[in-house]
Amino acid sequence: MSNARRHFLARAGLIGAAAASAAVGRGALAALPEPASQQGAATAPPLRPSTGRPYDPVVTLNGWSAPWRMNGGVKEFHLVAEPVEREIAPGMVARLWGYNGQSPGPTIEVVEGDKVRIFVTNRLPEHTTVHWHGQRLPNGMDGVGGLTQPQIPPGKTYVYEFTARRPGTFMYHPHADEMVQMAMGMMGLWITHPKGGNPDIARVDRDFCFLINAYDIEPGSYVPRVNTMTEFNLWTWNSRAFPGIDTLNVQRGDRVRIRIGNLTMTNHPIHLHGHEFEVTGTDGGAVPRAARWPEVTTDVGVGQMRQIEFIADEEGDWALHCHKSHHVMNAMGHEVPTMIGVDHRGLVEKIQKLVPDYMVMGERGMADMAEMEMPLPENTLPMMAGRGPFGALEMGGMFSVLKVRRDQKPGDYSDPGWYRHPEGTVAREWTGEPAPAPRAPAQSGSSTDGRKVEMQVRKPQGHGSHEGH
Ligand SMILES: [Cu+2]
């Protein structure tokens, strides 16, 4: 080895040693940020920022927000696309694809003007990308596989970099083998908080968010069918179905914001009881104040986001749900004919001689099904479930409760239990004179001369889709 060469190596070694002692973190910052991971489906408390610009954090229903690290003024996040196990509700686990241990992935929270770098590692068996829905960004950061970037192969990590230019409610999801990857649960929320005051963005006391998603998981199985177009059987918020969706617990008088994004194949009219709200923003940004109007239901179309706001000034347990009645149920056989008004007595006894377990459902409506303890295949949720202070709720799917309490402390998101109604404020049984008996019923299964007539009530053939109901 020449002297010059030896001299060069010595100098390089010295420089290296000086740099290492000056900033131990520099080497680490050149490496990938340690990806955070979440195992359970509990609602994490708001992640208060300890570095970067200040903001009021959101609460992701049955989810969490991703931690970041500051690297030379850039906020760095690390998403890992991977197979995950998600509890849809107690009693049922789904094998999905998601990010960082769960589906949906963690909510990413940044502030308007932040420079952001997101590392995306692909641990799926096939390629993927991430599209940052609603963002202003350089075209090559838009995440459309094949169009704006090569696909991210399994095992590789890609880097996305852009400035969060516009405050608002956004989401992220793959733009690669989309039908499969979204049917498998790959999605997450992105919130860009305003920098300083914004005339169209109010400060709120509670800021909740969730994504609407849907799965088709055959009773007794774990993996969604990925080719399903419309006939999903699990209607979920953040990959949770009632009674697995946490309640939204607030203090009376709070200004409450709820941000909702829809990544299913159909629209969802989201309905809140007891209050009127305004749509204050979409994924296109804040709605100017003069353009807002009051609503109690807002339709969230496919690929849309809505942020609603209201003052929670009525105490109680207020239902918050999708208004499509088939979306507040869990997996069920839609081939069940409508049986209301059909008299099965006699027939059942005959069948039971052949099939001892035979049971008829739906003769008096389907409410019985919420009370009945029917044997279910393993890993299957009952069609209607959940108990309230007055009995079975007969709900499933996209249903939760806004709990407004006088004494729910600021920052306390814990469940206060069921509402205690003030005396005399609950619907009650009439105990006076009974209602008159129905008049000779031409419409209810008897002919006018009192003879029994046969009634056939069936849903139209070919029903099976949730669309159009
Ligand atoms: Cu719905």
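Those letters in the sequence shown? Residues -22 to -1, 1 to 447, by mature numbering (1 follows the signal peptide of the UniProt record, and there is no 0).
Even glycine gets a Cβ: it sits at the ideal position worked out from N, Cα and C.
Distance cut-off 8 angstroms: T107 Cβ against heavy atoms of ligand 1: no
Inter-residue spacing [alpha-carbon to alpha-carbon] between V108 and M164: 10 angstroms
In its own chain, which residues sit with a C-beta less than 8 angstroms from the C-beta of A(-1), not counting the 5 before and 5 after it? Any reading at A(-1) must be qualified, since the residue scores a pLDDT of 36, below 50, and its modelled position is unreliable; no value is offered.
Using a threshold of 8 angstroms, is the CB atom of T244 nearer than that to any non-hydrogen atom of ligand 1? yes
Decide yes or no for the touch test of the segment 267 to 277 against the segment 161 to 175: beta carbon pairs closer than 8 angstroms, at least 3 of them. no
If you measure from the CB of M207, is any heavy atom of ligand 1 nearer than 8 angstroms? no
State the start and end residues of the unbroken beta strand (DSSP E) segment that holds M48. R47 to N49
Euclidean distance between Cα positions of D178 and V234: 15 angstroms
Helix, strand or coil for T426? Go by DSSP, reduced to three states. Interpretation of T426 is limited by its pLDDT of 49, a score under 50 that renders its predicted location unreliable; the figure taken from the coordinates is listed afterwards. If DSSP states are grouped into helix, strand and coil, T426 belongs with coil.
For the segment 54 to 62 against the segment 386 to 406, do three or more pairs of beta-carbon atoms, one drawn from each stretch, fall closer than 8 angstroms, so that the two count as touching? no
Run through DSSP, which three-state label would L115 get? coil
To the nearest angstrom, report how far apart P266 and V71 are at their CA atoms. 42 angstroms
Tell me whether D194, by its Cβ, gets closer than 8 angstroms to a heavy atom of ligand 3. For the structure depicted, ligand 3 is absent and the ligand set comprises only ligand 1.
Selected residue, minimal CA-CA separation from G91, among Y77, E139 and L102: E139
The alpha helix (DSSP H) with E156 in it runs from where to where? E156 to A161
Is Q17 buried or exposed, if buried means 16 or more other CB atoms sit within 10 Å of its CB? exposed
Taking C-alpha atoms, which residue in H305, Y397, A309 and D224 lies nearest to M376? H305
Closer than 8 angstroms by C-beta to A14: which residues in its own chain qualify, once you throw out the five before and the five after it? Chain order, please. A44, P45, H56, N78 and P84
Exposure of V280, with buried meaning 16 or more beta-carbon neighbours within 10 Å: exposed
Looking only at DSSP bridge pairs, what is T260 linked to? G263 and R284
For A363: DSSP bridge partner residues: M373
Using only the alpha-carbon positions, how far apart do M362 and P197 sit? 14 angstroms
Since I believe W213 is in contact with H251 (beta carbons under 8 angstroms), could you give me their beta-carbon distance rounded to a whole number of angstroms? With a Cβ gap of about 19 angstroms, H251 and W213 do not count as contacting.
May I ask which residues mark the beginning and end of the beta strand (DSSP E) holding A297? G294 to C300
For I238, verify whether its CB is less than 8 angstroms away from any heavy atom of ligand 1. no
Just verifying my parser: in three-state terms, what is the DSSP assignment at K331? helix
Can the beta-carbon of H249 be found closer than 9 angstroms to that of I289? no
Comparing C-alpha positions only, which one of T258, T260 and C300 sits nearest to P247? C300
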